[in-house]
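Residue numbers (numbering that gives the first Met the number 0): 0 to 338. The structure appears right after this line, and notes come after that.
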Amino acid sequence: MKKKLALITGVSGQDGSYLADFLLKKNYNVVGADRRSSRSDMWRLKRLGINNKIILEELELSETYEITRLLKKYKFDEIYNLAAQSFVKSSFNSPISTSDINGLGVLRILEAIRELNPKTKFYQASSSEMFGKVLEKKQNERTPFNPRSPYATAKLFGHFITKNYRESYSLYAVSGILFNHESPLRGEEFVTRKITKGITRIINGDLNCLELGNLYSKRDWGYAKEYVVAIWKMLQMKKPNDYVISTGETKTVKDFIDEAIKYANIDANWIGAGLNERLVDKNKKTLIRINPKYFRPAEVDLLVGDSKRANKILKWYPKIKFKELVKIMMEDELKYYKN
């Protein structure tokens, strides 16, 4: 049986690395594409031991020529577009480039598929950030979107243009609306990894105090390694459709911290209120404090997903719960710190 050929954009990121590993185990041939500036940072692929098992290509989603070149060079069965300007806060500083990559980049790929190989199946990485200031208690595929950042607004364009190409040109094109999903392969810029690494640095005497933003943002946190299975399943269905992928449970940033320090056996408690709230140890030394510079210009206070459609059609259910996720991340942080 002929091996399937898949393209993963943003292959060196958390989701791209886990998905590449998963597809290789499914006997795929995998082409991994990244922008030139990311090519030197392949630590995730190396950690998984697959950096020499995939074909690496350079790709800038802002350049139509590079996309068409790739689709002419390879006849892909499946394309997973995971590449993006991924940082919500950074999108306020770079709204135009964020929109070009996260929005128009999706359109460029879809146009290339339509023109060169309309049988290629396409996956777009949408985001729960599109729900923004939520209009329903739990968010599913029918919940109205209300984005609160240039990042989310650009992702919303990518989401709707994928739906438009599916309906206009009968392409197999789907979007996965993934809620926050974390792992030891998460970038250090994201709050969960910032917490696990910061606590590990404090334990090792390399950091005096960790500074964070809004402790009361509520998120639906799942395990990235499980979420890429859902991504793959979306392209294996007879009919293309969009899916929310989530755990259905919500926790605050503070909850994540509390679970992490519990695992690390740190004897500490919270004192103060508002911007003066801080975590202090038994010697009254401040371990974590709030810095307003880490707040977003427009905050998203609550996200919690409803994945009934994915449960029913994809037969996908999250297995790793919140406490186990924090444990997995802390174990890995302590294991690989300074290695």
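Beta carbons are placed, not taken as given, at the ideal position from N, Cα and C, and that holds for glycine.
Whole-number beta carbon distance between Ser306 and Ile244, since they are thought to touch under 8 Å: By one-based count along the sequence shown, residue 244 stands at place 245. By one-based count along the sequence shown, residue 306 stands at place 307. Between Ile244 and Ser306, the beta carbon gap of about 6 Å places them in contact (Cβ cut-off 8 Å).
In chain order, each beta strand (DSSP E) run of at least 3 residues that lies wholly inside the region 148–209: Note on the region 148–209: whole beta strand (DSSP E) runs with a minimum of 3 residues are 172–177, in chain order.
Presumed contact (8 Å Cβ cut-off) between Lys217 and Thr161, rounded CB distance: If you number the sequence shown from 1, residue 217 lands on position 218. If you number the sequence shown from 1, residue 161 lands on position 162. Not really, about 28 Å apart at Cβ, beyond 8 Å.
Where Gly197 falls, given that 16 or more other Cβ within 10 Å makes a residue buried: Stepping through the sequence shown from its first residue, residue 197 is reached at position 198. It counts as buried.
Cβ shell of Ala32 (< 8 Å), same chain only, five flanking positions each side left out: One-based indexing of the sequence shown puts residue 32 at position 33. The residues are Leu6, Ile7, Thr8, Gly9, Val10, Leu55, Glu56, Glu57, Leu58, Leu69 and Ala82.
Proximal residues to Thr285 (C-beta, below 6 Å), its chain only, five neighbours per side dropped: Taking the sequence shown and counting its residues from 1, one reaches residue 285 at position 286. Within the same chain, Thr285 has close Cβ partners Cys208, Arg277 and Val279.
The region 150–160 in contact with the region 94–113 per 3-pair CB rule at 8 Å: Touching, per the Cβ criterion.
Alpha-carbon to alpha-carbon, Asn179 and Gly221: Your numbering for residue 221 matches position 222 in the sequence shown. Your numbering for residue 179 matches position 180 in the sequence shown. In this model, Gly221 and Asn179 are separated by some 6 Å (Cα to Cα).
Touching by the beta-carbon criterion (3+ pairs, under 8 Å), the region 261–269 and the region 224–238: By the Cβ test, the region 261–269 is not in contact with the region 224–238, since fewer than three Cβ pairs between them sit closer than 8 Å.
Residues bridged to Phe121 [DSSP beta-bridge criterion]: For the purposes of this step, residue 121 is taken as residue 122 along the sequence shown, with counting starting at 1. Beta-bridge pairing links Phe121 to Ile78 and Ala172.
Integer Cβ distance of Met328 from Thr199, believed to fall under 8 Å: To locate residue 328, count along the sequence shown from 1; it is residue 329. To locate residue 199, count along the sequence shown from 1; it is residue 200. With a Cβ gap of about 10 Å, Met328 and Thr199 do not count as contacting.
For Glu225, three-class secondary structure by DSSP: Translated into positions along the sequence shown, residue 225 becomes position 226. Note: Glu225 maps to helix in three-state DSSP.
Inter-stretch contact (C-beta, 8 Å, three-pair minimum) for the region 128–137 and the region 167–175: Verdict: no, contact absent.
Ordered list of alpha helix (DSSP H) runs contained in the region 229–308, each at least 4 residues: The region 229–308 contains these whole alpha helix (DSSP H) runs: 252–262.
Ile7, enclosing beta strand (DSSP E) - first and last residue: The sequence position of residue 7 within the sequence shown is 8, counting from 1. Segment Leu4 to Thr8, the beta strand (DSSP E) holding Ile7.
Alpha helix (DSSP H) runs contained entirely in the region 21–99, provided each spans 4 or more residues: Listed in chain order, the complete alpha helix (DSSP H) runs (minimum 4 residues) inside the region 21–99 are 42–46, 63–72, 87–92 and 94–98.
Collapsed DSSP secondary structure at Lys217 in the structure displayed: Reading the sequence shown from its first residue, position 218 is the one you call residue 217. Residue state, collapsed to three classes: strand.
Lys45 and Leu115 closer than 8 Å at C-beta: Working through the sequence shown from its first residue, we reach residue 45 at position 46. Working through the sequence shown from its first residue, we reach residue 115 at position 116. One thing to note: Lys45 has its Cβ no nearer than 8 Å to the Cβ of Leu115.
Which of helix, strand or coil DSSP assigns to Leu115: Here residue 115 is taken as the residue at index 116 of the sequence shown, counted from 1. In this structure, DSSP gives Leu115 a helical state, which the three-state scheme calls helix.
Selected residue, minimal CA-CA separation from Tyr122, among Lys314, Asn28 and Ala172: Along the sequence shown, one-based indexing puts residue 122 at 123. Comparing C-alpha distances from Tyr122 to each of Lys314, Asn28 and Ala172 shows the shortest one belongs to Ala172.
Separation of Asp76 from Met0, as counted between CA atoms: Locating residue 0 in the sequence shown gives position 1, counting from the first residue. Locating residue 76 in the sequence shown gives position 77, counting from the first residue. Between Met0 and Asp76, the C-alpha separation is close to 14 Å.
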